[in-house]
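Position 90 of the sequence shown, counted from 1, bears residue number 90 in my numbering, the numbering being contiguous throughout.
Glycine included, each C-beta is placed from N, C-alpha and C at the ideal position.
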Amino acid sequence: MRQLYRWLNILFFLGVIVLNTISATRGLFGTTTKEVSDAYHVAVTPAGYAFSIWSLIYVLLAGFVIVQALPGRQNDSVIRDTGPWFVLSCIFNMSWILAWHSEMIGLSTALMAALLITLIALYVRTRPAAASTDRVSRWLIALPFSIYLGWISVASIVNFTIFFMDAGFNGFGLDPDIWAILLFVIAAVLAVWIGRKFVDPFYGLVIVWALIAIGVEQRTDEPTVAWAAWIIAVVILLFDLWLMANRLRQQRR
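This is how it looks when you write it as structure tokens:
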């Protein structure tokens with residue numbers, strides 16, 4: 001079965017790369033990914049440059065796909081434990097793209113949630129590699145899913161916000177700025193909790209990247225939201241720096 005997953009991972013990852021490249025450049029159903037995002041602008045929408053993180057994510061995932069296919073890695077227990085989850089993540093990634101470009105907001109939100117669940121499963125299953133003395137395991141098995149999960153956590157917040165806005169939800173009468181700041185706090189709590197539990201600063205650094213980009217995007221129309229995003233980003237960054245320093249001290253002992 002492991003041999004089957006080995007080739008399915010390669011096949012479906014190539015499908016993700018092809019579909020995402022087409023959607024971002026030529027577009028699907030007459031629109032590009034950015035054009036759909038611009039049509040559903042909310043208070044937690046990040047600046048366009050933030051989406052360049054996908055290049056890093058796909059480079060790291062390519063590394064994972066190559067490593068998991070190597071003959072010498074066929075008995076790697078961490079890779080074996082990923083089971084069908086990577087293929088499922090690719091399926092939900094591609095399905096989300098199709099739903100998003102079709103402007104089926106409810107379906108895209110459900111698919112984003114499904115993608116988030118698969119990445120949580122992959123993240124937990126690959127964490128043992130983060131503590132390995134093998135650099136390949138740390139950088140090409142554990143790290144890809146820290147970065148990917150971090151970004152999809154933010155993307156899920158944005159997607160759910162768009163879904164509720166599209167559905168006409170008024171936020172129980174609360175100002176949209178307050179809701180945005182509450183979402184930033186939730187993201188910060190996740191970054192700190194995951195950072196402490198899994199000794200993982202990289203997940204939090206992705207949240208920092210996203211919050212800074214949200215601040216850049218909102219600084220003119222929503223200055224309160226922008227400053228809140230930047231302040232919370234600094235708090236998370238300081239925590240991550242402390243986490244990395246503490247990790248280095250422990251390694252030197």
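Is DSSP giving L28 helix, strand or coil here?
Here L28 sits in strand by DSSP.
Name the two residues that bound the continuous alpha helix (DSSP H) containing L211.
Looking at the DSSP string, the run of the alpha helix (DSSP H) that includes L211 is P201 to Q218.
Between the Cα of F64 and those of I147, Y203, V235 and A188, spot the shortest distance and give me the residue it belongs to.
Of I147, Y203, V235 and A188, the residue nearest in Cα terms is I147.
Quick one: does V199 have its CB under 7 Å from some CB of chain D?
The structure shown contains no chain D; it is built from a single protein chain.
Between which two residues does the alpha helix (DSSP H) carrying Y58 extend?
Segment I53 to A69, the alpha helix (DSSP H) holding Y58.
Report all residues from its chain with a CB closer than 7 Å to the CB of F160; omit the five preceding and five following residues, and keep chain order.
Around F160: T109.
Could you check whether L111 and A99 sit closer than 7 Å to each other, using their CB atoms as the reference points?
In this structure, the beta-carbon distance from A99 to L111 falls below 7 Å.
Euclidean distance between Cα positions of G168 and S156:
Rounded to the nearest angstrom, the two C-alpha atoms are 18 Å apart.
With DSSP collapsed to three states, give me the class of Q74.
Three-state DSSP puts Q74 in coil, outside helix and strand.
With a cut-off of 8 Å, do at least 3 Cβ pairs link the stretch 3-11 to the stretch 74-93?
Output reads yes: the stretch 74-93 touches the stretch 3-11.
Using the rule of at least 16 other Cβ atoms within 10 Å of the residue's Cβ for burial, across every protein chain shown, is S132 buried or exposed?
It counts as exposed.
Straight-line CA distance for I66 to T220?
Going by the C-alpha atoms only, they are around 44 Å apart.
Would you report the Cα separation of G27 and G15, rounded to the nearest angstrom?
One C-alpha to the other measures close to 16 Å.
Determine whether the beta carbon atoms of A187 and V225 lie at a separation below 7 Å.
Their beta carbons are not under 7 Å apart, which means A187 does not touch V225 by this criterion.
Using the rule of at least 16 other Cβ atoms within 10 Å of the residue's Cβ for burial, across every protein chain shown, is A245 buried or exposed?
A245 comes out exposed.
4 or more residues per run - each alpha helix (DSSP H) lying fully within the stretch 176-202
Runs of the alpha helix (DSSP H) inside the stretch 176-202: 176-198.
In angstroms, rounded to a whole number, what distance separates the CA positions of I97 and G72?
Each residue's alpha carbon lies about 34 Å from the other.
Buried or exposed by the 16-neighbour rule on C-beta atoms within 10 Å, applied to D38:
Burial call: exposed.
Helix, strand or coil: which one does DSSP assign to T224?
Reduced to three states, the DSSP call for T224 is helix.
What first and last residue would you give for the alpha helix (DSSP H) that runs through M165?
In the DSSP annotation of this structure, the continuous segment of the alpha helix (DSSP H) that includes M165 starts and ends at L143 to D166.
Can you tell me where the alpha helix (DSSP H) holding G48 begins and where it ends?
In the DSSP assignment, G48 falls outside any alpha helix (DSSP H) and carries neither an H nor an E.
For the alpha helix (DSSP H) holding D38, just list the boundary residues, first then last.
Looking at the DSSP string, the run of the alpha helix (DSSP H) that includes D38 is T33 to A39.
Compute the Euclidean distance between the alpha carbons of L119 and P144, then round it to the nearest angstrom.
Cα to Cα, L119 sits roughly 10 Å from P144.
Using a Cβ-Cβ cut-off of 6 Å (strictly less than) and excluding sequence neighbours within five positions of V208, which residues of its own chain qualify?
Correct list, in chain order: A233, I236 and L237.
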